[in-house]
Amino acid sequence: MGWISHLCLMNMKRRKTRTFLTILGVVIGVISVVTLLAVGIGVRQEMINTMIDSESICQIRVTGATGGKHKDRMILDQTVKAFQELDDVDSVYPFYELYVTLTNGKYSYDGVITGIPQSELTKKNYTKTSRRTTSNVKPVLVMGDKTASLFYNPDTDQTYDTAEKKKAESWIGKKMDLSFWDSQDSTSVRLEVGAVIDSGEDTYNRDSQSVYCDLDVLKSFLGRLPGGGTVYGQPLDANGNPYKDFVYSGAVVTVDDIDHVDAAVKKLQDMGYTTENEKEYLDTIQKYLKMIQLLLGGIGAIALVVAVIGISNTMTTSVFDRINEIGVLKVLGCDPDELQILFLTEAGIIGAAGGVAGVLLSYGFKGIVDKIAVKMFDLAKGTQIAMIPWELAAGAVVGAILLAICAGYFPARFASKLQPLDAVRNR
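Quick note: the sequence shown, position 322, residue 327 per my numbering, numbers continuous.
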């Protein structure tokens with residue numbers, strides 16, 4: 006079969022320009038497909054890695070009933086213990102949310118203050134703290150570093166960070182007035198800001214825009230407020246009496262592995278609780294990113310289809326140009342199958358050359374895309390917005406070869422069926 010390869014190479018050398026242009030078409034097609042798919046894969050992987058690197062991807066936020074007769078669906082201390090005993094659960098802690106207004110001079114924040122255990126507060130990454138971050142008398146506020154954009158001045162329609170050109174760090178050690186939304190007592194309480202959470206320069210998450218405090222201190226503080234024998238914010242039973250147990254707003258369940266999140270969510274929902282977790286958003290993001298990948302791949306495939314048409318045209322032209330040669334080969338006893346293999350091999354060589362060259366050049370384009378993306382979107386240096394896994398590179402080469410062979414099939418079949426006398430008669 007060595008003579009087949011020899012004839013293929015000789016024919017390609019005789020028609021250098023045509024061969025080069027055909028291979029160039031394959032190269033462009035392969036670059037289009039590989040580069041566009043690489044961008045889709047890179048963006049998807051970067052987003053997944055960002056979420057998976059965060060501990061919150063394995064956390065499930067659980068909420069239940071907060072009043073009425075559904076005590077079995079409330080989040081109590083015994084409920085937290087029951088959650089802890091579930092399979093694959095690593096840790097559980099309760100939280101308590103209060104709707105309040107925080108006033109800082111001309112600026113006010115209408116939102117939620119969340120009490121969480123002190124052990125969870127110490128895990129936060131603080132930019133800076135005051136001398137006193139805890140207290141046994143009044144809650145000490147721990148602010149997210151983006152909360153400055155949530156304090157609003159109704160007179161100027163501007164937020165604190167925009168008008169004052171300051172960040173939340175400027176509040177550390179200072180006091181703010183706190184009042185409850187539905188409290189009959191209009192007296193406000195002054196609470197100190199003890200720390201600010203550092204969530205990153207351009208990162209927005211739950212911590213960055215939340216206000217926290219120590220849960221035990223908050224419970225004790227609420228119990229001392231005048232409330233007619235009830236703790237402020239606590240629900241009442243059907244008879245209007247307070248519950249004996251403290252009712253939390255919810256609990257955060259941390260699962261030991263991301264692969265166990267879905268199973269844990271189902272168990273909690275079967276128990277009658279409402280759940281929320283970031284893996285749901287991750288799954289949704291992955292679904293839409295796959296659709297984008299298919300779209301990008303389809304756009305790139307158009308260029309590859311054009312290249313395949315070019316190969317088919319080249320092989321058809323080659324057959325007609327070499328009819329005399331085909332006739333001579335048949336007269337000398339060349340088998341029709343061998344003749345078909347000759348032209349299919351030539352098409353395969355073109356596909357292989359274009360595929361390999363296209364993949365190699367795609368790595369160069371990948372580097373260019375990464376640099377442009379980092380500069381345009383102000384990403385961290387070294388961020389790979391385009392990724393070419395070896396499966397994609399190998400698949401591109403193999404796909405180019407197979408498509409080239411398919412493109413050369415009909416011209417090769419035509420050549421193999423030519424009668425020797427008809428071919429020689431065209432001499």
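All residues carry an ideal CB built from backbone N, CA and C; glycine is no exception.
Please read all numbers here as calculations on a predicted model, not as lab measurements.
- In the same chain as residue 253, and ignoring 5 residues on each side of it, the C-beta atoms closer than 6 Å to its own belong to 80, 99, 101, in chain order.
- Its Cα nearest to that of residue 211, the residue 119 stands out among 388, 90, 119, 387.
- Take residue 272, set aside five residues on each side of it, and the residues of its chain with a beta-carbon closer than 7 Å to its own are 91, in chain order.
- Your pair residue 358 and residue 30 does not check out as a contact, with CB atoms roughly 11 Å apart and the cut at 8 Å.
- Residue 159 sits in coil when the DSSP states are folded into three classes, being neither helix nor strand.
- Sequence-distant Cβ neighbours of residue 43 in its own chain, meaning closer than 6 Å and more than five residues away, are 371, 391, 392, 393.
- Sixteen is the threshold: since fewer than 16 other Cβ atoms of the shown chains lie within 10 Å of the Cβ of residue 296, the residue is exposed.
- Buried is the label assigned to residue 327, since at least 16 other Cβ atoms lie within 10 Å of its Cβ.
- Ranking 355, 288, 94, 109 by CA distance to the CA of residue 194 puts 109 first.
- Assigned with DSSP and collapsed to three states, residue 144 falls in coil, not helix or strand.
- Here residue 158 has 111, 112, 168 as same chain residues with Cβ atoms under 7 Å from its own Cβ, once five neighbours each way along the sequence are excluded.
- DSSP lists 196 as the bridge partner or partners of residue 181.
- DSSP places residue 339 outside both helix and strand once states are collapsed to three, so it counts as coil.
- In the structure shown, the three-state DSSP call for residue 64 is strand.
- Residue 107: member of the beta strand (DSSP E) spanning 94 to 109, first to last residue.
- In this structure, residue 35 lies away from residue 300, with their beta-carbon atoms at least 8 Å apart.
- Within the same chain, and ignoring the five residues on either side of residue 47 in sequence, the residues whose Cβ sits closer than 6 Å to its Cβ are 389, 390, 391, 392.
- In chain order, 119, 149 place their CB closer than 7 Å to the CB of residue 215, counting only its own chain and leaving out the 5 sequence neighbours on each side.
- When the alpha-carbon of residue 222 is set against those of 395, 421, 124, the nearest one is in 124.
- The residues 31, 35, 356, 359, 360, in chain order, have a CB closer than 6 Å to that of residue 405 in the same chain once the five nearest residues on each side in sequence are set aside.
- Here DSSP, grouped into helix, strand and coil, assigns residue 131 to strand.
- Looking at the DSSP output, residue 80 sits in a beta bridge with 253.
- Considering only 316, 230, 376, 41, the residue with the shortest C-alpha distance to residue 298 is 41.
- Every alpha helix (DSSP H) stretch that sits fully inside the stretch 248 to 324 and reaches 4 residues is listed by chain position as 266 to 275.
- Annotated three-state conformation of residue 383 is coil, per DSSP.
- Around the beta carbon of residue 385, a 10 Å sphere encloses fewer than 16 other beta carbons of the protein chains shown; the residue is thus reported as exposed.
- Take the alpha-carbon of residue 416 and the one of residue 25: they are about 19 Å apart.
- Nearest C-alpha to residue 353 among 225, 410, 368, 379: 410.
- The C-beta separation of residue 78 from residue 277 comes to about 5 Å, placing the pair in contact by the 8 Å criterion.
- When DSSP reads this structure, residue 149 sits in a beta bridge with 202.
- Cβ-Cβ distances below 6 Å link residue 294 to 49 in the same chain, with the five nearest sequence neighbours on each side left out; the list follows chain order.
- Burial check for residue 17: the Cβ neighbour count within 10 Å reaches 16 or more, so the residue is buried.
- By the 16-neighbour rule on beta-carbons within 10 angstroms, residue 320 is buried.
- Under a 10 Å Cβ-count criterion, residue 395 is classified as exposed, with fewer than 16 other Cβ atoms of the shown protein chains found around its own Cβ.
- Under the three-state reduction of DSSP, residue 332 is assigned to helix.
- Contact check for residue 260 against residue 269 passes: the beta carbons are separated by less than 8 Å.
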